[in-house]
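Asker: Below is the structure I would like to discuss, written out as structure tokens.
This is the structure in structure tokens:
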């Protein structure tokens, strides 16, 4: 069975809508939570790919994100192993940062619905083609300035990047296909989160956009399956059960 490593940064932000889409495709997932002290794997050998989820603070905030260097190293490990990588929100920023992007502390909150537009670099890309002209929810903290030479495949109305593809097996997405209204409610309730000040209004808008959000998630998974060959099971190292025989 295919198994993806998923790095979670807050209790409230998990695979959400994406979970059922992966399960329909017989794709399993294993959560790792560095925010509670859990160490990240040092190898990609037991996984078919990597998902990096959203967070509550800018990547520049070392107090709340002390694990950034470990995650950047994990991205490189999966890239070297030829495994697919998908970053969502803060995870998308990490993918851009691993490609040479520069993290910034401001603005503290970006959380809104925007319209995605395909760029010239996105021509023919399955994610860019599927989402061109669709409204998507972005939710992230701080920003990452893209390095010279890395062109976005999707941008918003202001020309800010929404999606990058630094290499054939990696996507960094600022929009949140996993998000659902219930997750926004959980973010409001999570004591250690850092929700945007207008999250109540955003929750109301998400409820009105719910049908379209579900359609968007299905399109994103369709694009990822095509672009990253998610249905392909990668060769994984066997797990041995060592038992000491006593006489």
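Residue numbers (the working numbering): 16 to 262. Here a beta-carbon is modelled for each residue, glycine too, at the ideal position from N, C-alpha and C. Nothing here was measured: the structure is a model prediction, and the numbers come from that model.
Give the C-beta separation of residue 99 and residue 64 to the nearest angstrom, bearing in mind that I take them to be a contact with Cβ-Cβ under 8 Å.
Answerer: 4 Å
Asker: What is the C-beta distance between residue 113 and residue 87, in whole angstroms, given that I count them as a contact (C-beta under 8 Å)?
Answerer: 5 Å
Asker: By a C-beta neighbour count over all protein chains shown, 10 Å radius and 16 as the cutoff for buried, is residue 24 buried or exposed?
Answerer: buried
Asker: Would you list, in sequence order, the uninterrupted beta strand (DSSP E) runs of no fewer than 3 residues that lie entirely inside the segment 158-193?
Answerer: Entirely contained in the segment 158-193, the beta strand (DSSP E) runs reaching 3 residues are, in chain order, 158-160, 176-182, 185-188.
Asker: Tell me residue 18's beta-bridge partners as DSSP assigns them.
Answerer: 43
Asker: Which ranges would you report for the alpha helix (DSSP H) in the segment 113-154 if only whole runs of at least 4 residues count?
Answerer: Listed in chain order, the complete alpha helix (DSSP H) runs (minimum 4 residues) inside the segment 113-154 are 141-146.
Asker: How long is the line joining the alpha carbons of residue 155 and residue 248, rounded to whole angstroms?
Answerer: Each residue's alpha carbon lies about 31 Å from the other.
Asker: Should residue 236 and residue 126 be called a contact, given that it needs their Cβ atoms to be closer than 8 Å?
Answerer: no
Asker: Rounded to whole angstroms, what's the CA-CA distance from residue 227 to residue 35? Just pull it up for me.
Answerer: Computed Cα separation, rounded: 16 Å.
Asker: In whole angstroms, give me the CA-to-CA distance for residue 169 and residue 110.
Answerer: 15 Å
Asker: Measure the C-alpha to C-alpha separation of residue 138 and residue 206 and round it to an integer number of angstroms.
Answerer: 42 Å
Asker: Just confirm the distance between the C-beta atoms of residue 68 and residue 38, as a whole number of angstroms; I'd bet it's less than 8 Å.
Answerer: About 17 Å separates the CB atoms of residue 68 and residue 38; that is not less than 8 Å, and the two are not in contact.
Asker: In chain order, what residues of the same chain have a beta carbon less than 6 Å from the beta carbon of residue 115, not counting five sequence neighbours either side?
Answerer: 162
Asker: Using the beta-carbon count (16 or more within 10 Å), is residue 42 buried or exposed?
Answerer: Residue 42 should be labelled buried.
Asker: Which residues in the same chain as residue 46 place their Cβ atom closer than 6 Å to its Cβ, once the five residues preceding and following it in sequence are excluded?
Answerer: 21, 23
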